[in-house]
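Student: When we follow my numbering, the leftmost residue of the sequence shown carries the number 7, and every step to the right adds one.
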Amino acid sequence: MFKGLSNLASMMKQAQEIQGKMGEMQESLKSVHVEGEAGAGMVKVVVNGQQQVVSCQIEPSVLESGDREMLEELFVSAANQALDKSREAASSKMSELTEGMNFPGLQDALSNFTQK
7 MFKGLSNLAS MMKQAQEIQG KMGEMQESLK SVHVEGEAGA GMVKVVVNGQ QQVVSCQIEP
67 SVLESGDREM LEELFVSAAN QALDKSREAA SSKMSELTEG MNFPGLQDAL SNFTQK
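(1) Taking 8 angstroms as the threshold, find out whether the stretch 85–94 comes into contact with the stretch 36–45 through three or more Cβ pairs.
(2) Relative to the C-alpha of residue 63, which candidate in 72, 77, 55 has its C-alpha closest?
(3) In the DSSP assignment, the alpha helix (DSSP H) including residue 41 goes from what residue to what residue?
(4) Return the CA-CA distance between residue 92 and residue 81, expressed in angstroms with no decimal places.
(5) Heavy atom of the ligand NAP less than 7 angstroms from the Cβ of residue 55, yes or no?
(6) Does DSSP put residue 25 in a helix, a strand or coil?
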């Protein structure tokens, strides 16, 4: 019986450690920047590790073409590529955070957290 309590106490301690590290990790994800591009680099979108668009660069020739539909498609493509990279980076950081901790279902729960 007491062995079970010891395991529970250990798990609670690990959970508290994770909670503290999660806050630090979320803050550090602001400084992670990844880039997506489309149209051979004519449109570039930079996203941080919190899946927030940080910047967008559009080649002047795309604007001058007047093809709004093409520009919209290029932007969406570049943004989606950057967001995918951002989720991968956040997931990787999450894996580093939980390395060596054995909580059933923890990885699934944390990957859902990074996709929000």
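Just so it is clear, CB atoms sit at the ideal spot from N, CA and C, and this is done for glycine as well.
Tutor: With the given structure in hand:
(1) yes
(2) Position 57 of the sequence shown, counted from the start, is the residue given in the question as residue 63. For residue 63, the nearest C-alpha among the options comes from 77.
(3) Start at 1 with the first residue of the sequence shown, and residue 41 comes out as number 35. Residue 41 -> not in any alpha helix (DSSP H); beta strand (DSSP E) instead, spanning 39–44.
(4) Your numbering for residue 92 matches position 86 in the sequence shown. Your numbering for residue 81 matches position 75 in the sequence shown. Approximately 16 angstroms between the Cα atoms of the pair.
(5) The ligand NAP is not among the ligands present in this structure, which contains no ligands whatsoever.
(6) The residue given as residue 25 occupies position 19 in the sequence shown. DSSP places residue 25 in helix when its eight states are reduced to three.
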